[in-house]
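Heads up: the protein sequence lines correspond to chains S and C, in order. For the first sequence, the working numbering begins at 19 and goes up steadily by one. For the second sequence, the working numbering begins at 19 and goes up steadily by one. For each residue, glycine too, the CB sits at the ideal point set by N, CA and C. First up is the structure itself, then whatever we jot down about it.
Protein chains: 2
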Amino acid sequence: MPKEHKVQIIPLGGLGEIGKNMTVIRYDNQMVLIDAGLAFPDEEMLGIDVVIPDYSYLIEHKEMLQGILVTHGHEDHIGALPYLLKDLDVPIFATRLTLGLIQSKLKESNLNHVQATVVQPRDMIKLGVFRIEFIRVSHSIPDAVGIAIHTPLGTIVHTGDFKLDHTPVSGDILDIHKFSELGDKGVLCLMSDSTNVERTGITMSERNVGHTFEEAFKDANERIIIASFASNVHRIQQAITAAYKTNRKVAVVGRSMVNVVAIASELGYLDIPEGTLIDVDEIVNLPGNQACILTTGSQGEPMAALSRMAMSDHRSVSIQPGDTVIISASPIPGNEKSVARTVDRLFKLGANVIYGSINGVHVSGHASQEDLKLMLNMVRPQYFIPVHGEYRMLVKHMQLAEQLGMERDNIFLAENGSIIEFTRHGASMTGKVTAGKVLIDGLGVGDVGNIVLRDRKQLSQDGILIVVMTISRSTRAIVAGPDIVTRGFVYVRESETMLDEAKEKVRQTMARLKDNHVTEWAVLKGQVRDALSKHFYEKTRRRPMILPIIQEVE
Amino acid sequence: MPKEHKVQIIPLGGLGEIGKNMTVIRYDNQMVLIDAGLAFPDEEMLGIDVVIPDYSYLIEHKEMLQGILVTHGHEDHIGALPYLLKDLDVPIFATRLTLGLIQSKLKESNLNHVQATVVQPRDMIKLGVFRIEFIRVSHSIPDAVGIAIHTPLGTIVHTGDFKLDHTPVSGDILDIHKFSELGDKGVLCLMSDSTNVERTGITMSERNVGHTFEEAFKDANERIIIASFASNVHRIQQAITAAYKTNRKVAVVGRSMVNVVAIASELGYLDIPEGTLIDVDEIVNLPGNQACILTTGSQGEPMAALSRMAMSDHRSVSIQPGDTVIISASPIPGNEKSVARTVDRLFKLGANVIYGSINGVHVSGHASQEDLKLMLNMVRPQYFIPVHGEYRMLVKHMQLAEQLGMERDNIFLAENGSIIEFTRHGASMTGKVTAGKVLIDGLGVGDVGNIVLRDRKQLSQDGILIVVMTISRSTRAIVAGPDIVTRGFVYVRESETMLDEAKEKVRQTMARLKDNHVTEWAVLKGQVRDALSKHFYEKTRRRPMILPIIQEVE
Numbered sequence: 019m020p021k022e023h024k025v026q027i028i029p030l031g032g033l034g035e036i037g038k039n040m041t042v043i044r045y046d047n048q049m050v051l052i053d054a055g056l057a058f059p060d061e062e063m064l065g066i067d068v069v070i071p072d073y074s075y076l077i078e079h080k081e082m083l084q085g086i087l088v089t090h091g092h093e094d095h096i097g098a099l100p101y102l103l104k105d106l107d108v109p110i111f112a113t114r115l116t117l118g119l120i121q122s123k124l125k126e127s128n129l130n131h132v133q134a135t136v137v138q139p140r141d142m143i144k145l146g147v148f149r150i151e152f153i154r155v156s157h158s159i160p161d162a163v164g165i166a167i168h169t170p171l172g173t174i175v176h177t178g179d180f181k182l183d184h185t186p187v188s189g190d191i192l193d194i195h196k197f198s199e200l201g202d203k204g205v206l207c208l209m210s211d212s213t214n215v216e217r218t219g220i221t222m223s224e225r226n227v228g229h230t231f232e233e234a235f236k237d238a239n240e241r242i243i244i245a246s247f248a249s250n251v252h253r254i255q256q257a258i259t260a261a262y263k264t265n266r267k268v269a270v271v272g273r274s275m276v277n278v279v280a281i282a283s284e285l286g287y288l289d290i291p292e293g294t295l296i297d298v299d300e301i302v303n304l305p306g307n308q309a310c311i312l313t314t315g316s317q318g319e320p321m322a323a324l325s326r327m328a329m330s331d332h333r334s335v336s337i338q339p340g341d342t343v344i345i346s347a348s349p350i351p352g353n354e355k356s357v358a359r360t361v362d363r364l365f366k367l368g369a370n371v372i373y374g375s376i377n378g379v380h381v382s383g384h385a386s387q388e389d390l391k392l393m394l395n396m397v398r399p400q401y402f403i404p405v406h407g408e409y410r411m412l413v414k415h416m417q418l419a420e421q422l423g424m425e426r427d428n429i430f431l432a433e434n435g436s437i438i439e440f441t442r443h444g445a446s447m448t449g450k451v452t453a454g455k456v457l458i459d460g461l462g463v464g465d466v467g468n469i470v471l472r473d474r475k476q477l478s479q480d481g482i483l484i485v486v487m488t489i490s491r492s493t494r495a496i497v498a499g500p501d502i503v504t505r506g507f508v509y510v511r512e513s514e515t516m517l518d519e520a521k522e523k524v525r526q527t528m529a530r531l532k533d534n535h536v537t538e539w540a541v542l543k544g545q546v547r548d549a550l551s552k553h554f555y556e557k558t559r560r561r562p563m564i565l566p567i568i569q570e571v572e
Numbered sequence: 019m020p021k022e023h024k025v026q027i028i029p030l031g032g033l034g035e036i037g038k039n040m041t042v043i044r045y046d047n048q049m050v051l052i053d054a055g056l057a058f059p060d061e062e063m064l065g066i067d068v069v070i071p072d073y074s075y076l077i078e079h080k081e082m083l084q085g086i087l088v089t090h091g092h093e094d095h096i097g098a099l100p101y102l103l104k105d106l107d108v109p110i111f112a113t114r115l116t117l118g119l120i121q122s123k124l125k126e127s128n129l130n131h132v133q134a135t136v137v138q139p140r141d142m143i144k145l146g147v148f149r150i151e152f153i154r155v156s157h158s159i160p161d162a163v164g165i166a167i168h169t170p171l172g173t174i175v176h177t178g179d180f181k182l183d184h185t186p187v188s189g190d191i192l193d194i195h196k197f198s199e200l201g202d203k204g205v206l207c208l209m210s211d212s213t214n215v216e217r218t219g220i221t222m223s224e225r226n227v228g229h230t231f232e233e234a235f236k237d238a239n240e241r242i243i244i245a246s247f248a249s250n251v252h253r254i255q256q257a258i259t260a261a262y263k264t265n266r267k268v269a270v271v272g273r274s275m276v277n278v279v280a281i282a283s284e285l286g287y288l289d290i291p292e293g294t295l296i297d298v299d300e301i302v303n304l305p306g307n308q309a310c311i312l313t314t315g316s317q318g319e320p321m322a323a324l325s326r327m328a329m330s331d332h333r334s335v336s337i338q339p340g341d342t343v344i345i346s347a348s349p350i351p352g353n354e355k356s357v358a359r360t361v362d363r364l365f366k367l368g369a370n371v372i373y374g375s376i377n378g379v380h381v382s383g384h385a386s387q388e389d390l391k392l393m394l395n396m397v398r399p400q401y402f403i404p405v406h407g408e409y410r411m412l413v414k415h416m417q418l419a420e421q422l423g424m425e426r427d428n429i430f431l432a433e434n435g436s437i438i439e440f441t442r443h444g445a446s447m448t449g450k451v452t453a454g455k456v457l458i459d460g461l462g463v464g465d466v467g468n469i470v471l472r473d474r475k476q477l478s479q480d481g482i483l484i485v486v487m488t489i490s491r492s493t494r495a496i497v498a499g500p501d502i503v504t505r506g507f508v509y510v511r512e513s514e515t516m517l518d519e520a521k522e523k524v525r526q527t528m529a530r531l532k533d534n535h536v537t538e539w540a541v542l543k544g545q546v547r548d549a550l551s552k553h554f555y556e557k558t559r560r561r562p563m564i565l566p567i568i569q570e571v572e
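Here is the structure:
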């Protein structure tokens, strides 16, 4: 009997989490990858810069990989590429702006020889056994696409991140006709964006923000400072348009914002009237009512431009009483407090701060419940996998699909690493491949694991206490020390007595062990540690990390 | 010329922040204190348990202090009392439930001899020159009051935390008549709660949550588990009522919830039908549709009962598929991610989780904009100080008062420590007293300051690297070591080469210094630190704390 053909969908990231999106589509021994994103560390991952998916499955099957298809240029979809492409030589397919952003990224990592192909919505490409179509969607960055992958066993549709915007700032709306056509012909499986599934109703058009900007620009008698995500090119366009209409010049501040504006202008995604864009050093000399500054820092990130302005610590821009600051973004979960702190500081400097979505200065880039229903009804897939979301969101998206009449059995609540397998006879989750988080800290890729993180956690709570002594190899007597050094534990000056008592405890412990002829280092250190741990817990109710270090001399 | 009399209002906490509320009202050489609360540490305060106001001003003027007036029993209003009352012997005045909660707190701290007086709304007491009235308000805990302090120079009104609830779960509504009467007679200065000033409209009645509970209880075929704030006695009452109506028994789980239910029942603030409350060990044996569990952990706090259940780590309760979990609280800013994680885990265990305010399972205890306007218009004070809020909230509350026609000059945007001074001729901010944060870590009160926190921060990011060596006093040669120990930096096993190279750097540095006859310890250590810092930054792009320890032997 010939081996049965099968299609497998294997999410390597983006399920049960927001970020590091990465999905494998495999047919027998050929596969393509959709997206290769990063995630930002959560508060438990102390000192970690970014997180990427564990893609060892790709490395193990690299001869099967035909190409990487990228839906759009956000970090959670392209941020792992510089790592992945150091390990794998594989061509990339993406739309023009997406590829521009990818290439700027790869250049920073000295990856200059990656094979890349520009695609356009409605293009069809062939990779091995797969025929692949790119389908226009709306999102908070231009040139976003969903992807249809035609396999011999049926068509798989991945929406990428999307919203439905009937009045987009530029370009066409989400390709309703193509999604409907696919639905009409029959779709084996849909993967759809669950980010905003907790929101009822529909997601507002990006254009609404433009109207708010224009009102705010008219009302302001002094400078306007707008903070937004650097990659939100439509938002930047609307700010520039509002500035131009109210006779303001615009300066761009913040490394990533400058970078995106450069790439987007060069590729024709920004329409900037001649003479509107000027240097920040010039704009600070203009009268307030002729100035608009676009900047980074909408998330209160400590090193970003707006945060520095709020701290009166920015090189070129200092906030003046009467300035209007517009925070044109929602706080990403986890950033609420840093954004609030930035707003407070700006108010203290006398700025009028417009923030929060009720003011109409931000709309989301992701589809809400009614939009998600439309997608499900257009594509009407045989099987459905909610993707891009934390677990509860995947559940809600499943429930939404059930409300539309889908059978529970045809919906897969998958995890990173799950294999969802399709044959002529049906579909099921058949097992798991390696998947997980790889933590990046500085140059280290994956060298920070649970032990290091646990140590950092303990160090962050109660600090460290190091006790050092030198003993004589022959007599076993202490010949130098014990000395105690602490960091992050207590003020040394105020606790000299407690530390002196601790030294005495160490001497007593060592003397007792010597009398008992204990010479094993692990035991010596263990006993010293226990004695000190008890001592300091009684005195302070804290548990610093205690590190005994013993050296031997002749 | 006789000295001019003056009234001073001095906020020692609660301004420019949420929490640790504490306000001094002073007339010449007499004063009373309103509230003594704590705050929870923000994410920068690593390892800190709680934060209390710096009340050195009270200690310096303790002979003037006539009493402490407490508005209600929340931690941010009573949590600093155990510290304050160790340092000061002063009588407390509070309503019955508030005092019950305070006394349970003081008992834990072995403060058994504090003078305390129960007051009731509409009571008038005399303390020194002050006549003091307690005024009923609604809030997310019963027995909350605002306070009017009549001084020879006029009346000061402090709302405490409040909302307007026309259909309270028990007791009377906010004392509109008293606030109006005060406004009618003339109020010198109003201090009003700014917590919810960013919300438009009005705050919903607590009773709405009761209706939602009853619907949810009817819909559920299995157990109901409700998490809420332990102190929200009305919420607890409504859950018990809904359980009783749907023939469910109730068990209370979680130390603080058990404690509050005991105090509130004893004092008559909870109406629990005979036989409804049973032990948790009994309830787990009941059929699911006869069981309701009230629990702590609505904020995703790692050690709280609901979080433990979500981690399958609770002593008595394990979540079963089909259980309905209601999270009857909003995440406090900063807790969004831990709450989301708890919800995700509960879904994974098969529970149906009802969360988020759109589901009607929570309403706020603080007045929204329209309610705040009503308060301002009832009291129509001569001067206004927005209190209880981060800076932007105080600004918004000021703007609200301006919309109602108050003059900007009659509104004080004060800070902790500001002195707002009233005489027969007017009012002004005249200076500052000592105010600030005192950090509590274990038994240490104020012994963790900026240096310790900065060290903890650095330790948490890249860990620590300790280099130890023993040198000969006579020859200056290294006789033991250098040894390198790291924690929270890298896996030692994977980085042996790097550490060996580092030891070689240390030896070279020490040899060079020896040749140059450098013997000063600070220089030796400094040079070793610099050499290692450079080495490891080049190799890892990380900056661990580097701690050279040198011992000397003969």
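Reduced DSSP category for residue i - H, G, I as helix; E, B as strand; rest coil
| i | result |
| --- | --- |
| G201 (chain S) | helix |
| K391 (chain S) | helix |
| M49 (chain C) | strand |
| F231 (chain S) | helix |
| P139 (chain C) | coil |
| V503 (chain C) | strand |
| I419 (chain S) | Here residue 419 (chain S) turns out to be Ala, not Ile, going by the sequence shown. DSSP places A419 (chain S) in helix when its eight states are reduced to three. |
| V541 (chain C) | helix |
| H168 (chain S) | strand |
Residues that residue i contacts on chain S, provided the C-beta gap is smaller than 7 Å
| i | result |
| --- | --- |
| L64 (chain C) | S478, Q479 |
| M563 (chain C) | R505 |
| V486 (chain C) | V486, I567, Q569 |
Separation of residue j from residue i, as counted between CA atoms
| i | j | result |
| --- | --- | --- |
| L394 (chain S) | L412 (chain S) | 14 Å |
| V466 (chain S) | T221 (chain S) | 39 Å |
| G573 (chain C) | E61 (chain S) | In this structure chain C extends from 19 to 572, so residue 573 (chain C) is not present and cannot be described. |
| Y45 (chain S) | K24 (chain S) | 6 Å |
| G164 (chain C) | P71 (chain C) | 21 Å |
Cβ of residue i within 7 Å of any chain S Cβ
| i | result |
| --- | --- |
| F365 (chain C) | yes |
| T558 (chain C) | yes |
| R410 (chain C) | yes |
| V278 (chain C) | no |
Chain C residues whose Cβ lies nearer than 7 Å to that of residue i
| i | result |
| --- | --- |
| Q591 (chain S) | The structure shown does not extend to residue 591 (chain S), since chain S spans only 19 to 572, so no value can be given for it. |
Residue i at chain C interface by Cβ criterion, 7 Å
| i | result |
| --- | --- |
| R253 (chain S) | no |
The ligand SAM heavy atom lying under 6 Å from the CB of residue i
| i | result |
| --- | --- |
| L117 (chain S) | With respect to the ligand SAM, the structure offers nothing, as it holds no ligand at all. |
Neighbouring residues, chain C, relative to residue i (Cβ below 8 Å)
| i | result |
| --- | --- |
| V413 (chain S) | F365 |
> If you measure beta-carbon to beta-carbon, which residues of the stretch 469-480 of chain S are closer than 9 Å to chain C?
Replying inline: I469, V470, L471, R472, D473, R474, K475, Q476, L477, S478, Q479, D480
> If contact means a Cβ-Cβ distance below 8 Å, which residues of the stretch 337-358 of chain C contact chain S?
Replying inline: P351, G352, E354, K355, A358
> Using a Cβ cut-off of 8 Å, which residues of the stretch 387-405 of chain S contact any Cβ in chain C, in chain order?
Replying inline: none
>> Along the stretch 424-444 of chain S, where does the CB come closer than 8 Å to a CB of chain C? Name the residues.
In response: none
> Along the stretch 452-464 of chain S, what residues have a CB closer than 8 Å to any CB found in chain C?
Replying inline: D459, G460, L461, G462
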